[in-house]
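Numbering (the numbering used here), first residue to last: 4 to 384.
Given below as structure tokens:
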């Protein structure tokens, strides 16, 4: 197989694995709080992730440059570097997805990149590796701590107000067909005016009414109802998924743009990545969604909404300023922070499993990437 074609295929596999593992980060709160079922949440998250991926072509150039710079630090052929890095990242993320563990694609790419660079040029004070590591690792390490703290504080500060909002509902009521008296003046056949009263049909009318959930549920005239916090929760989940696409796609696109003899414009690459992410989420995203939505802690509407608002804000700002963040780490930390603030039971076993997966992601992806680089050097000069 042509190595350019192999690289394109591996980029598709990495994007698919990313979609399967990361689709849960935006929609797990919808499922966990009972606002949506799995199928509807998957479709909603996929739609907004794809939109974020396409918008990233214009808004996330800083992030793309950061990861593209890392690909050029090695002294081995660029195709060996990229094939090794994408192999290490995709294999590890796919393994984690199959076991239902939420891991970071950003961590996997970073670990693979660092492994190949150290294998190639070594680790010395004069090497450019430390500055790259600091630029990528610092926001990766700080963002989960910030997410946990913000979710904890926001739940304490805004919970009561949001619970009141949770009881609010906007209803559409339909008034039945009615006959009402109407005063009328008519002209007869001999051109005389006749005045009098007649009965006229008044068609049914839809009227929006703001009330409580109980009022909307018990009224017989209500034909449609919309819970305000549920709607806000859907919006926040969409924004989180959008921010994820905005943040993750620029980390994958350099594999296509830097490769020799692959003549692809950025938008084409983002479309390809977006399609692969969407397929991964729709086909293979269920396992990790169950972990985040059901196994960590119980979620209320308020918990889920606040966790999503914090996740989308942090990850979106990171994409805008070129600061690599893991949607996995941010969203999981926000969910845990929301649960801890209300003294809810948090599964320590699941947290340990997730933390272990986070810790081993860097060395495992680096190990796979280095093995790949050793093998590939025999075939690519």
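Using N, Cα and C, we set each Cβ at its ideal position, and we do this for glycine too.
Item: Using the C-alpha atoms, what's the distance from residue 161 back to residue 88?; Value: 43 Å
Item: Would residue 16 and residue 49 qualify as a contact pair, given that the criterion is a beta-carbon distance under 8 Å?; Value: no
Item: Note down, in chain order, each residue of its chain lying with its Cβ closer than 6 Å to the Cβ of residue 368, except the 5 sequence neighbours on either side.; Value: 91, 92, 95, 111, 114, 115
Item: At what residue ranges does the stretch 261-302 contain a whole run of the alpha helix (DSSP H), taking only runs of 4 or more?; Value: 269-287, 289-293
Item: Taking the straight line between their C-alpha atoms, what separation do you get for residue 283 and residue 290?; Value: 12 Å
Item: Can you name, in chain order, every residue of its own chain whose Cβ lies under 7 Å from the Cβ of residue 119, other than the five neighbours on each side?; Value: 77, 84, 87, 88, 372, 373, 376
Item: Using the Cα positions of residue 256 and residue 276, report the straight-line distance between them to the nearest angstrom.; Value: 8 Å
Item: Could I get the ranges of all uninterrupted alpha helix (DSSP H) runs contained in the stretch 329-363, with 4 residues as the minimum, in chain order?; Value: 330-344
Item: Tell me the residue span of the alpha helix (DSSP H) that contains residue 32.; Value: 27-35
Item: Classify residue 65 as buried or exposed, calling it buried when 16 or more other Cβ atoms lie within 10 Å of its own Cβ.; Value: exposed
Item: Where residue 379 and residue 79 are concerned, what is the direct C-alpha to C-alpha distance, given to the nearest angstrom?; Value: 11 Å
Item: Going along the chain, which residues of its own chain have a beta-carbon closer than 6 Å to the beta-carbon of residue 104, five neighbours each way excluded?; Value: 360
Item: Are residue 334 and residue 107 close, meaning C-beta to C-beta below 8 Å?; Value: no
Item: Under a three-way DSSP split, which group does residue 7 fall into?; Value: helix
Item: Could you give the distance in angstroms between the alpha-carbon of residue 39 and the alpha-carbon of residue 33?; Value: 5 Å
Item: Classify residue 45 as helix, strand or coil using the three-state DSSP reduction.; Value: helix
Item: Figure out for me which residue from 287, 43, 28, 61 has the closest Cα to the Cα of residue 271.; Value: 61
Item: Within 10 angstroms of its Cβ, does residue 381 collect 16 or more other Cβ (buried), or is it exposed?; Value: exposed
Item: Please classify residue 352 as buried or exposed, where buried requires at least 16 neighbouring CB atoms within 10 angstroms.; Value: exposed
Item: Determine the DSSP secondary structure at residue 139, reduced to helix, strand or coil.; Value: helix
Item: Can you give the Cα-Cα distance for residue 252 and residue 287, rounded to whole angstroms?; Value: 18 Å
Item: Considering just the uninterrupted stretch of the alpha helix (DSSP H) at residue 253, what are its terminal residues?; Value: 231-255
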